[in-house]
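Residue numbers (our numbering): 1 to 341. We treat Cβ as the ideally placed atom computed from N, Cα and C, and that holds for glycine. No experiment lies behind these values; they were computed from the predicted model shown. Some notes on the structure that comes next.
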């Protein structure tokens, strides 16, 4: 006996994609929950995607920004963690049409890769050098000065981009400095770029701690997608650099090791410079004294928190630490001891 054909299920009867959503008053308010949701998906065993978007449908609610996690229903522990992340906002439902659009976008990304992947591709000749410098930093037990000296021995640390790549917009150069050929000009009359190098400690630190090195996509100093592309450095080497050079971890939480290390470093190396001639220098103008004053050093070569001490003219009775002109105490004291030889 033949069976009657099954009646197609209506759209309302089809199983709906699993999702959790929360809404926020501003894009900035939704930022940390979105990043935390991405981190959870990256760290835990689940098949989910996270999206942040502005509401495109009419609703009387005053919170127009949404963070939505969609995909295969996860294990209870994962689901509970995601709910905790989203509870920073107002848990909400999303119209079926919007859910279907996001689910279709997720399926397309699974098949073709995320949209940003086509717009961020590591340049392998540079990636190899970044991998070397990150590994070398760990071999040197985190000594930035020695590593910078080694990098400086190579006049061109990163090779120049080929013309077809150099012409592309939004080329990232790891905060490196151009090495120009003064005697060779391009068709526009500008010096030809021979390559790039790293000249400062801060530039080297920035190079070592870029989230892009480990495969994440960054826009305006914020990670907008984890695992966007293949890492170009070893994860252990990268985390070693983050631990020693970054005040925060990738999820934005404070790095206690960095804070403790910096505090110890400042106490050990940046104590107030001695002022041997304090209370012994006399101004010819009786209305002024010449006391030592401590000041924060500035400039590219100055460490964060580094201070110096200098002698300066201050009107009697004035307790200000601000001086327009000063002479370093070690220079004045050194001259005095030179005369005593």
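Buried or exposed: where does residue 89 fall if 16 or more other Cβ atoms within 10 Å of its Cβ makes it buried? Around the CB of residue 89, 16 or more other CB atoms lie within 10 Å, so the residue is classed as buried.
In this structure, what does DSSP give as the bridge partners for residue 22? For residue 22, which the question treats as bridged, DSSP gives the partners 67 and 91.
For residue 105, which residues of its own chain have a beta-carbon under 6 Å away from its beta-carbon, when the five flanking residues on both sides are left out? Around residue 105: no qualifying Cβ.
Distance between beta carbons of residue 40 and residue 85, contact taken as under 8 Å: Residue 85 to residue 40, Cβ: 6 Å. Contact.
For residue 21, I'd like the list of residues in its chain whose CB is within less than 6 Å of its CB, leaving aside the five on either flank, ordered along the chain. Here the set comprises 66, 68, 92 and 94.
Taking the alpha carbon of residue 200 as the reference point, which residue from 152, 230 and 189 has its own alpha carbon closest? Of the listed residues, the one whose Cα sits closest to residue 200 is 152.
Nearest-angstrom beta carbon gap, residue 207 and residue 179 [assumed within contact, 8 Å]: No, residue 179 and residue 207 are not in contact; Cβ-Cβ is about 16 Å, not under 8 Å.
What residue range is occupied by the uninterrupted alpha helix (DSSP H) comprising residue 73? Here residue 73 belongs to no alpha helix (DSSP H), and DSSP marks it neither H nor E.
Using a threshold of 8 Å, state whether the C-beta atoms of residue 297 and residue 307 are closer than that. In contact: residue 297 and residue 307 (Cβ atoms closer than 8 Å).
With a 10 Å radius around its C-beta and 16 neighbouring C-beta atoms as the bar for buried, classify residue 282 as buried or exposed. That one is exposed.
Note down the Cα distance separating residue 36 from residue 213, rounded to an integer number of angstroms. If you take the alpha carbons of residue 36 and residue 213, they lie about 19 Å apart.
What's the gap between the Cα of residue 45 and the Cα of residue 149? Computed Cα separation, rounded: 43 Å.
Can you give the beta carbon distance from residue 329 to residue 291, rounded, assuming they're within the 8 Å contact cut? Beta-carbon to beta-carbon, residue 329 and residue 291 are separated by about 10 Å, too far to satisfy the 8 Å threshold.
For the candidate residues 162, 31 and 124, whose alpha-carbon lies nearest to that of residue 231? Distances from the CA of residue 231 to each of 162, 31 and 124 were compared; the closest alpha carbon is that of 124.
Any idea if residue 72 is buried or exposed, counting beta-carbon neighbours within 10 angstroms, 16 or more meaning buried? Result: exposed.
Identify which residue in 64, 60 and 16 has its Cα closest to the Cα of residue 30. In terms of Cα proximity to residue 30, the closest of 64, 60 and 16 is 64.
What are the boundary residues of the alpha helix (DSSP H) that residue 164 is part of? Where residue 164 is concerned, the enclosing alpha helix (DSSP H) stretches over 163-166.
Coarse secondary structure for residue 329, derived from DSSP in three states: It is helical.
Under 7 Å Cβ to Cβ from residue 82, same chain only, skipping five residues before and after it: list those, please. Excluding sequence neighbours, residue 82 sits near 20, 37, 40 and 69.
Is DSSP giving residue 83 helix, strand or coil here? Three-state result, residue 83: helix.
Going by alpha carbons, who is nearest to residue 250 out of 284, 215, 275 and 111? For residue 250, the closest C-alpha among the options 284, 215, 275 and 111 is that of 215.
Looking at the secondary structure, which residues open and close the beta strand (DSSP E) in which residue 284 lies? Segment: none, residue 284 is in no beta strand (DSSP E) and carries neither H nor E.
Look up residue 191 in the DSSP assignment and give the residues it is bridged to. Under the DSSP definition of a beta bridge, residue 191 partners with 185.
Could you tell me if residue 189 is buried or exposed, where buried requires 16 or more neighbouring beta carbons within 10 angstroms of its beta carbon? That one is exposed.
Going by DSSP in three states, residue 270 sits in which element: helix, strand or coil? Caution is warranted here: a pLDDT of 45 is assigned to residue 270, below 50, making its placement in the model unreliable, and no coordinate value can be reported.
Taking DSSP as the reference, what is the three-state secondary structure of residue 264? Any answer about residue 264 is weak, because its pLDDT of 48 lies below 50 and its placement is not dependable; what the coordinates show is given next. Look at residue 264 here: in three-state DSSP terms it is helix.
Would you grab the beta carbon distance between residue 247 and residue 254 for me? Rounded to a whole angstrom, and I think it's under 8 Å. That belief holds up - the Cβ atoms of residue 247 and residue 254 are roughly 7 Å apart, short of 8 Å.
Quick test of your reading: residue 226 and residue 58, contact by CB under 8 Å. State the CB separation rounded to the nearest angstrom. Rounded, the Cβ-Cβ distance is 33 Å, inconsistent with contact.
Beta carbon of residue 156, beta carbon of residue 194: below 8 Å? Taking C-beta atoms as the reference points, residue 156 and residue 194 count as a pair closer than 8 Å.
Closer than 6 Å by C-beta to residue 52: which residues in its own chain qualify, once you throw out the five before and the five after it? Chain order, please. Counting only Cβ-Cβ distances below 6 Å, and skipping sequence neighbours, we find 30, 34 and 67.
May I ask you to report which of helix, strand or coil DSSP gives residue 217? In this structure, residue 217 counts as strand in the three-state DSSP scheme.
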